[in-house]
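Have a look at the structure below before the remarks.
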Amino acid sequence: MFVAGLGTGGTLMGVGRRLKEHNPDAKLVAVAPEPEDFISGLRSLEEGFIPPILDINLLDSRMLVSSFDAFSTAKRLLQEEGIFAGVSSGSVVYGAIRQAERMDHGDIVCLLADGGWKYLSTSLWTKDYEQLAKDAKGKVWW
Numbered sequence: 233m234f235v236a237g238l239g240t241g242g243t244l245m246g247v248g249r250r251l252k253e254h255n256p257d258a259k260l261v262a263v264a265p266e267p268e269d270f271i272s273g274l275r276s277l278e279e280g281f282i283p284p285i286l287d288i289n290l291l292d293s294r295m296l297v298s299s300f301d302a303f304s305t306a307k308r309l310l311q312e313e314g315i316f317a318g319v320s321s322g323s324v325v326y327g328a329i330r331q332a333e334r335m336d337h338g339d340i341v342c343l344l345a346d347g348g349w350k351y352l353s354t355s356l357w358t359k360d361y362e363q364l365a366k367d368a369k370g371k372v373w374w
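The sequence shown begins at 233 in my numbering and counts up one residue at a time.
Set out below in structure tokens:
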């Protein structure tokens, strides 16, 4: 299984096509923000824009992730694993964890396409989870 964020569709389509050429049973999961939530670098198809490169038929699943889950997972990656990933990467890891909970066995690969340094000017790294939850809904984080 390959899990990646849905932004331009380039990573999902490039990696996904190659994986399915090699193994037609490979699963391709797109992670996108919940409607009304904003996760920098990702887009929700519910907004009405479908990236021209995106072939929805190639996707096996699409997971919607809240901005709070994306932010809190990015913080956990730094605190628990020492991985300084950005918010869209937090959403991808959150999606991969949810997929793993549903699986009996198998492998999951995910691509973390942004870094935490982009968010140093925000309060993402300094706020506690409860305050972050209050601030996250409906806010654009760049």
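From the three backbone atoms N, C-alpha and C, an ideal C-beta is built for every residue, glycine too.
Gly237 carries a strand assignment under DSSP once its states are collapsed to helix, strand and coil. Met233 and Leu290 have their C-alpha atoms roughly 13 Å apart. Within 10 angstroms of the beta-carbon of Thr358 lie fewer than 16 other beta-carbons, which makes it exposed. Beta bridge pairing from DSSP links Gly347 with Ala317.
Ser293: member of the beta strand (DSSP E) spanning 293-297, first to last residue. Here Leu244 carries a helix assignment [DSSP, helix/strand/coil].
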